[in-house]
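In the working numbering, the protein residues as written are 425 to 575.
Written out as structure tokens, the structure reads:
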């Protein structure tokens, strides 16, 4: 299962576009775009996103930026967890069934968790992950889903 920017579809070269986000400037090509046709929780009408590095955070930290291409101020920090073989197979089977394509491989699927940042009662920053609504990316079709309750 691919992680970080490795899940971006790079089969066909495309022109780059620069986008100024609330976290910094990013470069995007048509191959970097994913479509959440069902939207995201709380943002049902925002479907066009890109995954990229978080400006200023080293890539070895396993964090990325899910940036809306429809609203520059809308972005989410994501974490690319390490999945074991059983978890990878479960995600793969779910996507194959959902899309109706048994030829999809683990290498064509990316997986990420939304990151929640908050300040605790001591004023210290806390980081948590939305584990009950993971994001799945299919590079083959540039589709993406937020998997909620097995959907």
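For glycine and all other residues, C-beta sits at the position ideal for the given N, C-alpha and C.
Close-in-space but distant-in-sequence residues of the same chain around residue i (CB under 6 Å, 5 per side omitted)
i           : result
residue 544 : 550
residue 510 : none
residue 476 : 450 and 489
residue 447 : 479
Neighbour-count burial assignment, residue i, 16 or more Cβ in a 10 Å radius
i           : result
residue 536 : buried
residue 480 : exposed
residue 499 : buried
residue 514 : exposed
residue 491 : buried
residue 478 : buried
residue 449 : exposed
Nearest-angstrom Cβ-Cβ length linking residue i and residue j, presumed shorter than 8 Å
i           : j           : result
residue 570 : residue 465 : 6 Å
residue 539 : residue 501 : 4 Å
residue 567 : residue 461 : 7 Å
residue 559 : residue 528 : Going by Cβ atoms, the distance from residue 559 to residue 528 rounds to 16 Å, so no, they are not a contact pair.
residue 496 : residue 445 : 6 Å
Residue i - DSSP class collapsed to helix/strand/coil
i           : result
residue 566 : coil
residue 461 : coil
residue 440 : strand
residue 469 : coil
residue 483 : helix
residue 536 : strand
residue 512 : helix
residue 554 : coil
residue 517 : helix
residue 523 : helix
Chain-order list of residues whose beta-carbon lies under 8 Å from that of residue i (same chain, five-residue window excluded)
i           : result
residue 493 : 443, 452, 457, 472, 473 and 474
residue 440 : 451, 452 and 453
residue 557 : 465, 538, 570, 571 and 572
residue 553 : 503, 505, 537, 538, 539 and 540
residue 523 : 562, 565 and 567
Beta-carbon contacts of residue i that lie in its chain and below 7 Å, excluding the five residues immediately before and after
i           : result
residue 564 : 528 and 532
residue 463 : 469, 470 and 471
residue 555 : 537
residue 459 : 471, 472, 566, 567 and 568
Would the stretch 481-498 count as touching the stretch 515-527 if we require 3 or more Cβ pairs under 8 Å? no
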